[in-house]
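A.B. asks: Each residue of the sequence shown is one higher than the one before, counting from 241 in this note's numbering.
Next up is a structure, given as structure tokens.
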Amino acid sequence: ATVIIKCDMDFVLYPLDVQKCAVDFSSYKYTMGDMMFSWWTWTDGIMIPSDFGDGYRLPKYVVRFQKMNHSQFITYGEGNHSTARMFIIMRRELRSYLLETYLPSSLFVIMSWGSFVVIPDMVPGRMVLLVTTLLSLVTMFDTVRIDNSPSALELKCIEVWLISCTLFVFFALLEYFIVLFGIRYDKFWRHKKRDLDRINAMSTDRPNENNQPTTMAAAVAAATAAAAASNNTVVNNHHRPAQLPPLLHHRKTAKKRHNNVSELISIEQHGSSNGGAETLGRRKFRMVAEYVVLYCGSQRGMVDQVSLVLFPICFMLFTIIYWVSYVSSAAKHDQV
Numbered sequence: 241a242t243v244i245i246k247c248d249m250d251f252v253l254y255p256l257d258v259q260k261c262a263v264d265f266s267s268y269k270y271t272m273g274d275m276m277f278s279w280w281t282w283t284d285g286i287m288i289p290s291d292f293g294d295g296y297r298l299p300k301y302v303v304r305f306q307k308m309n310h311s312q313f314i315t316y317g318e319g320n321h322s323t324a325r326m327f328i329i330m331r332r333e334l335r336s337y338l339l340e341t342y343l344p345s346s347l348f349v350i351m352s353w354g355s356f357v358v359i360p361d362m363v364p365g366r367m368v369l370l371v372t373t374l375l376s377l378v379t380m381f382d383t384v385r386i387d388n389s390p391s392a393l394e395l396k397c398i399e400v401w402l403i404s405c406t407l408f409v410f411f412a413l414l415e416y417f418i419v420l421f422g423i424r425y426d427k428f429w430r431h432k433k434r435d436l437d438r439i440n441a442m443s444t445d446r447p448n449e450n451n452q453p454t455t456m457a458a459a460v461a462a463a464t465a466a467a468a469a470s471n472n473t474v475v476n477n478h479h480r481p482a483q484l485p486p487l488l489h490h491r492k493t494a495k496k497r498h499n500n501v502s503e504l505i506s507i508e509q510h511g512s513s514n515g516g517a518e519t520l521g522r523r524k525f526r527m528v529a530e531y532v533v534l535y536c537g538s539q540r541g542m543v544d545q546v547s548l549v550l551f552p553i554c555f556m557l558f559t560i561i562y563w564v565s566y567v568s569s570a571a572k573h574d575q576v
């Protein structure tokens with residue numbers, strides 16, 4: 241005889257899920273006052289199939305049967321009906337999932353760590369390694385989700401694993417983008433710093449060579465003294481009628497110099513009062529940017545070295561937390 245049993249199943253822990261189906265043997269007509277059902281315990285009257293321990297191995301499941309020794313009853317129709325309950329507990333064979341899904345995805349993640357030892361200047365080789373690994377994990381996730389796994393209302397256990405592996409490879413690709421950014425702007429900051437050092441050297445050496453004033457105040461004082469000297473010369477020589485045109489010329493020149501000096505003073509005062517905070521902020525930003533760029537750049541950067549240690553540690557921690565949490569949840573479901 242063949243018995244078809246229907247029961248509710250929860251596939252959130254797939255493939256670590258444990259499914260329990262309750263089977264009740266009772267009478268539809270006779271109530272507990274007329275008939276009582278119980279399992280025969282004398283010399284174990286009912287034989288439960290088993291090929292190892294208390295389980296029966298199927299191609300994809302390990303099935304075991306567990307009887308409820310205490311009396312059970314169900315209520316329907318005219319009253320309570322006695323029942324003998326037995327649980328059919330099905331646990332999946334995890335070996336095939338380990339070989340087909342968990343092991344390949346773990347190897348893909350480990351392969352992505354090889355990009356950290358590749359020279360960042362070898363863009364095609366490193367990009368091909370990371371992108372190919374990422375696409376392989378995405379294809380594996382689609383295959384498992386659509387074809388080889390039952391439907392569930394939440395993310396299944398195997399989907400959490402594949403999504404996490406995909407994120408690890410994606411973060412490795414993102415780390416390479418950061419390294420490329422550092423390589424690019426490392427050269428930019430290096431050229432800019434060399435130009436700034438050259439300009440500072442020229443501005444420092446030029447006043448010493450020509451014995452010119454080194455500050456704006458000295459330049460203003462020199463220009464004012466020159467204008468006053470020219471005015472005194474013109475006033476002392478006022479009895480010469482032939483030099484009247486130079487007098488007008490010197491007055492215009494002095495006035496023009498005075499205006500230029502006033503503009504320089506106002507510019508200097510405005511820059512010192514309003515631009516101090518901005519200059520300090522730019523200087524701090526430049527120092528931080530130079531440090532980050534030198535840290536990420538290919539010449540002196542350490543992002544790849546840190547990632548080569550950090551990524552395996554994070555993946556090992558994730559693996560431990562994943563298996564401990566889901567195996568403990570499966571063990572709780574295994575208890576009747």
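Backbone N, C-alpha and C define an ideal beta-carbon position, used for all residues, glycine too.
Quick caveat: nothing in here was measured; it's all calculated off a predicted structure.
What number of angstroms, rounded off, separates the C-alpha of R304 from the C-alpha of L256?
C.D. replies: Going from the Cα of R304 to the Cα of L256 covers about 16 Å.
A.B. asks: Under 8 Å between the Cβ atoms of V258 and R331?
C.D. replies: Against a cut-off of 8 Å, the Cβ pair of R331 and V258 comes out as a contact.
A.B. asks: Start and end of the beta strand (DSSP E) containing D264?
C.D. replies: D264 -> beta strand (DSSP E) spans 258-266.
A.B. asks: Taking C-beta to C-beta, are Y562 and W353 nearer than 8 Å?
C.D. replies: Not a contact, by the Cβ cut-off of 8 Å.
A.B. asks: Where does F265 land, buried or exposed, given buried means 16+ other C-beta within 10 angstroms?
C.D. replies: Exposed, since its Cβ has fewer than 16 Cβ neighbours within 10 Å.
A.B. asks: Check V303 in the structure and name its three-state DSSP category.
C.D. replies: In this structure, V303 counts as strand in the three-state DSSP scheme.
A.B. asks: Measuring alpha carbon to alpha carbon, tell me which of M362, T341, C397, V357 ends up nearest L377.
C.D. replies: It is T341 whose Cα lies nearest to the Cα of L377.
A.B. asks: With distances taken between CB atoms, is the gap from S355 to M380 smaller than 8 Å?
C.D. replies: Result no, Cβ atoms of S355 and M380 do not sit closer than 8 Å.
A.B. asks: Could you check the C-alpha separation between I359 and I386 for me, to the nearest Å?
C.D. replies: Taking the straight line joining both Cα atoms gives about 38 Å.
A.B. asks: Going along the chain, which residues of its own chain have a beta-carbon closer than 8 Å to the beta-carbon of I245, five neighbours each way excluded?
C.D. replies: If we look at I245 and ignore the five residues flanking it on each side, its Cβ neighbours are C261, V263, I328.
A.B. asks: With DSSP as the reference, identify every bridge partner of A324, one or two as the case may be.
C.D. replies: Looking at the DSSP assignment, A324 forms a beta bridge with F265.
A.B. asks: Mind checking whether the beta-carbon of C405 lies closer than 7 Å to any heavy atom of the ligand SAH?
C.D. replies: Absence of the ligand SAH is noted for the structure shown, with no ligands found whatsoever.
A.B. asks: For Q306 and R325, I'd like the C-alpha separation in whole angstroms.
C.D. replies: Looking at the two C-alpha atoms, the distance is approximately 9 Å.
A.B. asks: Within this structure, are the beta carbons of T383 and M351 separated by less than 8 Å?
C.D. replies: Cβ atoms of T383 and M351: not closer than 8 Å.
A.B. asks: Quick check for students: name the residue ranges of the alpha helix (DSSP H) that lie wholly in the region 375-417, counting only runs of 4 or more.
C.D. replies: DSSP runs (the alpha helix (DSSP H)) wholly in the region 375-417: none.
A.B. asks: Consult DSSP for G354 and reduce its assignment to one of helix, strand or coil.
C.D. replies: Of the three classes helix, strand and coil, the one that applies to G354 here is helix, per DSSP.
A.B. asks: Among residues of its own chain, excluding the 5 on either side of S404, which ones have a beta-carbon nearer than 8 Å to its beta-carbon?
C.D. replies: These residues qualify, in order along the chain: F558, Y562.
A.B. asks: By the DSSP assignment, the alpha helix (DSSP H) with Q545 in it spans what residues?
C.D. replies: Here the alpha helix (DSSP H) through Q545 covers 543-574.
A.B. asks: Excluding the 5 residues flanking S278 on each side, which residues of the same chain have their C-beta closer than 7 Å to its C-beta?
C.D. replies: So the list reads S311, A324, once near-sequence residues are dropped.
A.B. asks: Between R366 and Y425, is the Cβ-Cβ spacing less than 8 Å?
C.D. replies: Cβ distance not < 8 Å, so R366 and Y425 don't count as in contact.
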